[in-house]
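The structure under discussion appears below in the form of structure tokens.
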Amino acid sequence: MPIEEDFTEALRATLLRYEPDTRSIVQAGVRNGRLRRRRRAAALLAGGTAALALVGLGAAVVPGQLSGRHPVDHSLATPPALPLSSGSGAAPGTAASTAAPTVAPAAIAVTVTNGTAISGRANQILSALLAAGFSHRSVAASSFPAAVSTLTYGPGEAVEAHTVAVALGLPADHLKQGTAAGLKLVIGADWTKGTTFPGPH
Amino acid sequence: MKRRDEEEFMTFASARSAPLFRSACLLTGGDVHLAEDLVQDTLGRMYAGWHKISTIDNPAAYTHTVLVRTFLSHRRRRSSSEQPTDALPDTGAASAYDPALRVTLLEALGRLSARDRAVLLLRFWEDRSVEQTAAILEIRPGAVRNQSMRALARIRDILGRDLSELVSS
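Here the protein sequences come in this chain order: A and B. Letter by letter, the first sequence follows residues 201 to 401 of our numbering. Letter by letter, the second sequence follows residues -11 to 157 of our numbering.
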């Protein structure tokens, strides 16, 4: 087996054992976020005050400088813009839902793994699923090479699996029931392009 | 933050904290305390910018990008703080894998540079393409290819046959 696959599998064996204390980590994250907001608000206020001071100064010394100063002060007072790259170059949202699902997509989380030789496939499909309203608990990961794309679902999850299959145009014979709970989509060598399954339906 | 946004954030954060934590563990070479700090910091950034972030099409991928960038800037701030980890959490989960090997892989990762770990994380754990990895790390795609090849070769050198043992067990 190539080292890349060994490595990914070794990571899986290693990292999946790590479970954080979700509750405390989220609470700490919220505290951290509130602090950031307060700091940002304070910086805005301070920036505003500084701008006023400069306005005063400019008016007192060189009145003509006033208009030239303002954009600089403004940029200082504005919090740095977030780089809003989605982390995915995939065009989202082409998956069409034709059947009316009885489970809302937002309640369905899918683990998408890439079994193709093309990197980034799992994230492309994940982006499409998220754009189609599926749960943010969905994740993408690397995987073993797979020839055939399959969607494995746990006991009692047939409706959820069907909803996902419809969204992706995945034929019913690619669905199979497993013993473990949770929806696992493996992107195989039969699906190397696009976010809708290319095979005959 | 509005109550609805707050609830939405809490759902998102609760769902993402475990995957973020695992990625953070890889980045820190198994330092779980630093990994927790990183996740908290990342979630804090998400919270502070949530009104913008919640509208992008893949907030989860974006969050992981922020995690990696936070980690690398963190490393720049305290670059001399590399500490070999000795305390790994015993999660007690049933596993066929030898915990000793688990530690070995993280130790091997811990001996790489921070950027090497970031490249390996993005390419082989989060399934990002070379181009996406390049964009996140702000380096050229060619550099991503070289770096991931070199880093994998080092892991193989450090672990020797342990890597395939870990997989085949």
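Beta carbons: idealized from backbone N, C-alpha and C, even for Gly.
Check this for me: beta carbons of residue 340(A) and residue 351(A), under 8 Å apart or not? no
Can we say the stretch 128 to 141 of chain B touches the stretch 104 to 111 of chain B, given the rule of at least three CB pairs closer than 8 Å? Output reads yes: the stretch 104 to 111 of chain B touches the stretch 128 to 141 of chain B.
Taking 8 Å as the cut-off, decide whether the C-beta atoms of residue 375(A) and residue 396(A) are in contact. no
At a CB-CB cut-off below 7 Å, which residues of chain A make contact with residue 104(B)? Those do not exist, as residue 104(B) stays about 12 Å from chain A at its closest Cβ, beyond 7 Å.
Environment of residue 7(B) [buried if 16+ CB atoms lie within 10 Å]: buried
Expressed to the nearest angstrom, what Euclidean distance is found between the alpha-carbon atoms of residue 57(B) and residue 124(B)? Straight-line Cα distance between these residues: approximately 8 Å.
Going straight from the alpha carbon of residue 319(A) to that of residue 115(B), what length do you get? 6 Å
Residue 402(A): contacting residues in chain B (beta-carbon distance under 8 Å): This structure cannot settle anything about residue 402(A), because the visible part of chain A is limited to 201 through 401.
Provide the residue span of the beta strand (DSSP E) that contains residue 351(A), from first to last. 350 to 353
Inter-residue CB distance, residue 9(B) and residue 218(A) (contact presumed, cutoff 8 Å): 6 Å
If you run the structure through DSSP and keep just helix, strand and coil, what is residue 303(A)? coil
Starting from residue 342(A), follow its DSSP beta bridges and name the residues at the other end. 314(A)
Quick check: what's the CA-CA separation for residue 355(A) versus residue 361(A)? 11 Å
Rounded separation between residue 69(B) and residue 60(B) - CA only: Legend: pLDDT at residue 69(B) = 48, less than 50; position of this residue unreliable, value from coordinates given subsequently. Taking the straight line joining both Cα atoms gives about 13 Å.
Status (buried if at least 16 other CB within 10 Å, exposed otherwise) for residue 226(A): Under this definition residue 226(A) is a buried residue.
What does residue 342(A) reach in chain B if we use C-beta pairs closer than 9 Å? Against chain B, a Cβ distance below 9 Å from residue 342(A) picks out 111, 112, 113, 114, 115.
My output table needs one value for residue 393(A): the three-state DSSP class, helix, strand or coil. Residue 393(A) falls in the coil class under three-state DSSP.
May I ask which residues mark the beginning and end of the beta strand (DSSP E) holding residue 384(A)? 383 to 387
With a threshold of 8 Å, are at least 3 pairs of Cβ atoms found where one atom belongs to the stretch 16 to 26 of chain B and the other to the stretch 40 to 49 of chain B? Short answer: they don't touch.
Taking a contact to mean a Cβ-Cβ separation below 8 Å, would you say residue 102(B) touches residue 63(B) in this structure? yes
Alpha carbons only, please: which of -9(B), 4(B), 100(B) is nearest the one belonging to residue 311(A)? 4(B)
Is the beta carbon of residue 203(A) less than 8 Å from the beta carbon of residue 140(B)? yes
Taking 8 Å as the CB-CB limit, is residue 388(A) close to chain B? no
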